[in-house]
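**Student:** Note that the protein sequences, when read in sequence, are chains A and B.
Residues 14 to 128, numbered by our numbering, are exactly what the first sequence covers, in order.
Residues 22 to 242, numbered by our numbering, are exactly what the second sequence covers, in order.
Don't be surprised by glycine CBs; every beta carbon is placed ideally from N, CA and C.
Being a predicted model, the structure only gives us computed values, none of them experimental.
Let me give you the structure first, and then I'll get to my questions.
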Amino acid sequence: MHELSLAMGILDSVSEQAAKRGIERVSVVSLRVGAMSGVVRDSLRFSWELACADTVAAGSRLEIEEVPLAVFCERCAQEKTLERLILRCPACGGPTPRIVRGREFQLVSMEVPDS
Amino acid sequence: MTNTVAIEQSILNKNDELAAALRERFRESGTFVVNLLSSPGSGKTTLLEETLRRLAPRFRVGALVGDQATDNDALRLRRSGAPVRQITTGEECRLDADMIAKALDGWDSGPLDVLFIENVGNLICPAEYDLGENFRAVLFSVTEGEDKPLKYPLAFNTADVALLTKIDIAQAVGFDRNAARASIHDVHPGVPILELSSRSGEGFDAWIALVESHAGAKAPA
């Protein structure tokens, strides 16, 4: 289950940022995760709890902003959002290899409670 | 009350930076690097064994082989005579750029024209990790479901070529190659698909020609 190593990676960045700013506790960590990122959300949430025990982020909530898969359809000359991970234009049915959004796996921000 | 601290960074940025450094290193050494991805049992090792054997007379070839527990694949591949190094990943279900960098250090492979990296058998985790490769090949055998690409879209979407392996037994197992090709193109429109068998040799020349066309500039006269 590689979500555990992904969670550890997020935690490393969070800990680094917290240390740099003298932050002692983080209550919420916000991510941006694309539909085509390959990240399994439930496994990531489960791994997050395990990964952050006894750290600056212990007990923190993981917030995930979902980014739908968006492609550019050459034929329609338009950006299209796809419901499924099938790269075909919902309007004209043509192939749409150009991915515009949906591969994201980013650490956006963290929330720090007032002490 | 809480304060929000903006960070905005890619979570895999450390791997991506390391991979970029590896890519530069491979460019300097003139090594063409192929990352092989597939489920367990799709035939990566057999493909690689045959590929090394065929390329060895004309190219300096080598392989890094990822496996969670054993070095069986590396032992098999060494029979080709090419330098092969095992990377035991332990709990990790994929290779990452750091593992590649460490494996290259202290590996007496000599200069290589082509380096193959056999990833851990898994279509989920390896897809996200750039290893600094120039070329990514995803294998998909006829004994797997025709809709496999739809279940693991990222692996197929990030591949430069899809190899339909064990094609010699396609008929025996009732494999629907048109359905399989359609699912590959559903998640990666236009990606080249090669049908081949490492055992019978069917279709193998096209794969060898593809690798050679990339490594060709460095072929000895």
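Exposed or buried, which one is B/D129 when buried takes at least 16 other CB atoms within 10 Å?
**Tutor:** As a first step, residue 129 of chain B is located in the second sequence; it is residue number 108 there, counting from the start. So B/D129 counts as exposed.
**Student:** If you draw a straight line from the alpha carbon of A/V125 to that of A/H15, how long is it in whole angstroms?
**Tutor:** Looking up residue 125 of chain A in the first sequence gives position 112. Looking up residue 15 of chain A in the first sequence gives position 2. The alpha-carbon atoms of A/V125 and A/H15 are separated by roughly 27 Å.
**Student:** Report the option in A/S56, A/F118, A/F85, A/L75 whose CA atom is closest to the CA atom of A/G106.
**Tutor:** In the first sequence, counting from the first residue as 1, residue 106 of chain A sits at position 93. Ranking A/S56, A/F118, A/F85, A/L75 by Cα distance to A/G106 puts A/F85 first.
**Student:** For A/T109, return the contacting residues in chain B, with the cut-off set at a CB-CB distance below 9 Å.
**Tutor:** One-based indexing of the first sequence puts residue 109 of chain A at position 96. What A/T109 touches in chain B: P210.
**Student:** Specify, as a first and last residue, the run of the beta strand (DSSP E) that A/P126 falls within.
**Tutor:** Your numbering for residue 126 of chain A matches position 113 in the first sequence. From DSSP, the beta strand (DSSP E) with A/P126 extends over 118-126.
**Student:** Following the continuous alpha helix (DSSP H) through B/V232, name the residue where it begins and the one where it ends.
**Tutor:** Position 211 of the second sequence, counting from 1, holds the residue named residue 232 of chain B. Here the alpha helix (DSSP H) through B/V232 covers 225-236.
**Student:** Does any residue of chain A have a CB that is nearer than 9 Å to the CB of B/L171?
**Tutor:** Against the second sequence, residue 171 of chain B aligns to sequence position 150. With 9 Å as the cut-off, B/L171 counts as an interface residue toward chain A.
**Student:** Using Cβ-Cβ distances below 9 Å, what residues of the segment 86-119 of chain B are close to chain A?
**Tutor:** Under the 9 Å Cβ criterion, the segment 86-119 of chain B contributes E112, E113, C114, R115, D117.
**Student:** So if I threshold CB-CB distances at 9 Å, which residues from the segment 52-81 of chain A count as touching chain B?
**Tutor:** Within the segment 52-81 of chain A, the qualifying residues are V52, V53.
**Student:** Taking 6 Å as the limit between beta carbons, can you name the residues of its chain near A/S40, skipping five residues before and five after?
**Tutor:** As a position in the first sequence, residue 40 of chain A is number 27, starting the count at 1. Excluding positions up to five away in sequence, the list reads S73, E124, P126.
**Student:** So A/L98 and B/V208 are in contact, right, with Cβ under 8 Å, and what is the actual spacing, rounded?
**Tutor:** Indexing the first sequence from 1 puts residue 98 of chain A at position 85. Indexing the second sequence from 1 puts residue 208 of chain B at position 187. About 6 Å separates the beta carbon of A/L98 from that of B/V208, a gap short enough to meet the 8 Å contact definition.
**Student:** Tell me the DSSP bridge mates of A/K93?
**Tutor:** For the purposes of this step, residue 93 of chain A is taken as the residue at position 80 of the first sequence. DSSP, once it has assigned bridges, lists A/V84 as partnering A/K93.
**Student:** Buried or exposed: B/D94, going by 16 or more other Cβ atoms within 10 Å of its Cβ?
**Tutor:** Walking along the second sequence from the start, residue 94 of chain B turns up at place 73. It is buried - the Cβ of B/D94 has at least 16 other Cβ atoms within 10 Å.
**Student:** Restricting to runs no shorter than 3 residues, where is the beta strand (DSSP E) found entirely within the segment 37-82 of chain A?
**Tutor:** Taking only runs of at least 3 residues, the beta strand (DSSP E) segments lying wholly in the segment 37-82 of chain A are 41-47, 74-80.
**Student:** Going by beta-carbon coordinates alone, are B/A183 and B/L160 separated by less than 9 Å?
**Tutor:** Reading the second sequence from its first residue, position 162 is the one you call residue 183 of chain B. Reading the second sequence from its first residue, position 139 is the one you call residue 160 of chain B. Cβ atoms of B/A183 and B/L160: closer than 9 Å.
**Student:** At a CB-CB cut-off below 9 Å, which residues of chain B make contact with A/L95?
**Tutor:** Sequence index remark: in the first sequence, residue 95 of chain A carries index 82 (1-based). Per Cβ cutoff of 9 Å: no residues; A/L95 is ~11 Å from chain B at best.
**Student:** With a floor of 4 residues, list each alpha helix (DSSP H) that falls wholly inside the segment 103-165 of chain B, ordered by position along the chain.
**Tutor:** 118-125, 146-149
**Student:** For the beta strand (DSSP E) containing B/L58, list its first residue and its last residue.
**Tutor:** Along the second sequence, one-based indexing puts residue 58 of chain B at 37. Membership of B/L58 in the beta strand (DSSP E) is indicated by the continuous run 53-58.
**Student:** Pick from B/A176, B/F80, B/A122: whose alpha carbon is nearest that of B/E45?
**Tutor:** Mapped onto the second sequence, residue 45 of chain B falls at position 24. Of the listed residues, the one whose Cα sits closest to B/E45 is B/A122.
**Student:** On the three-state DSSP scale, how would you describe B/A242?
**Tutor:** The sequence position of residue 242 of chain B within the second sequence is 221, counting from 1. Because B/A242 sits at a pLDDT of 38, beneath the cut-off of 50, its placement in the model cannot be relied upon, and the point is left open.
**Student:** Got a sec: is the Cβ-Cβ distance from B/K239 to anything in chain A below 9 Å?
**Tutor:** Within the second sequence, residue 239 of chain B is the residue found at index 218, counting from 1. Low confidence applies here, because B/K239 scores a pLDDT of 48, under 50, leaving its location unreliable; read the following figure in that light. No, because no Cβ of chain A sits closer than 9 Å to the Cβ of B/K239.
**Student:** Is B/F161 near the ligand HEM, in the sense that its beta carbon is under 8 Å from a heavy atom of that ligand?
**Tutor:** Of ligands this structure carries none, so the ligand HEM is not represented either.
**Student:** Can you pull the chain B neighbours of A/F118, defined as C-beta to C-beta under 9 Å?
**Tutor:** In the first sequence, the residue the question calls residue 118 of chain A occupies position 105. Per Cβ cutoff of 9 Å: S31, I32, L33, E149.
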